[in-house]
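This report refers to the structure that appears directly beneath it.
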Amino acid sequence: RESVPMHTFAKYLFTSLLPHDTELAYRIALRAMRLPVLDSTAPSADLSRPPHIVSVVANRYPRWFTLNHIESQQCELASTMLTAAKGDACKLQTVLESIQKNIHSSSHIFKLAQDAFKIATLMD
Numbered sequence: 001r002e003s004v005p006m007h008t009f010a011k012y013l014f015t016s017l018l019p020h021d022t023e024l025a026y027r028i029a030l031r032a033m034r035l036p037v038l039d040s041t042a043p044s045a046d047l048s049r050p051p052h053i054v055s056v057v058a059n060r061y062p063r064w065f066t067l068n069h070i071e072s073q074q075c076e077l078a079s080t081m082l083t084a085a086k087g088d089a090c091k092l093q094t095v096l097e098s099i100q101k102n103i104h105s106s107s108h109i110f111k112l113a114q115d116a117f118k119i120a121t122l123m124d
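Residues 1 to 124 in UniProt numbering are what the sequence shown lists, from first letter to last.
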């Protein structure tokens, strides 16, 4: 639960499972969109724990250059889901809600908006 998300593997599973079990593919991908490391924060003045425990908890968070890479992989997974959801309003809504909830970088949101525009304007 506390490990680094593996968005590349989730993207592989999503594309592999999509033709066989759409619901499972989306469940896996939507679950992988979460970044639990950003969801929970350790308070700096946590008096319920000894100081050495608080510092260990704080060191669990990834370095920012690693976080940028993780967010880029998360963005690629979201783009893959947007492409697969084209034409399915329910799936598009679910993917959009996941993007709004889990992607925090304005540059990644802008990239996804560009991807969505390209996907919407492509001829089948």
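Just so it is clear, CB atoms sit at the ideal spot from N, CA and C, and this is done for glycine as well.
Judged by DSSP secondary structure, residue 34 falls outside any alpha helix (DSSP H); it is assigned neither H nor E. Distance check between residue 68 and each of 96, 22, 106 places 106 closest, using alpha-carbon atoms only.
Taking C-beta separations shorter than 6 Å and ignoring five residues to either side along the sequence, the partners of residue 25 in its chain run 14, 17, 18, following chain order.
Ranking 93, 86, 10 by CA distance to the CA of residue 121 puts 86 first. In the three-state reduction of the DSSP assignment, residue 115 falls in the helix class, which pools H, G and I.
Excluding the 5 residues flanking it on each side, residue 119 has same chain C-beta neighbours closer than 8 Å at 82, 83, 86, in chain order. The straight-line gap separating the alpha-carbon atoms of residue 103 and residue 71 is approximately 7 Å. Spatial neighbours of residue 9 in its own chain (CB-CB distance under 6 Å, excluding positions within 5 residues in sequence) are not present. In the DSSP assignment, residue 101 falls within the unbroken alpha helix (DSSP H) covering 89-102. Of all alpha-carbon atoms in 108, 110, 78, the one lying nearest the alpha-carbon of residue 97 is that of 78. Here residue 101 is exposed. Its C-beta has fewer than 16 other C-beta atoms within 10 Å.
Only exposed fits residue 89, as fewer than 16 other CB atoms lie within 10 angstroms of its CB.
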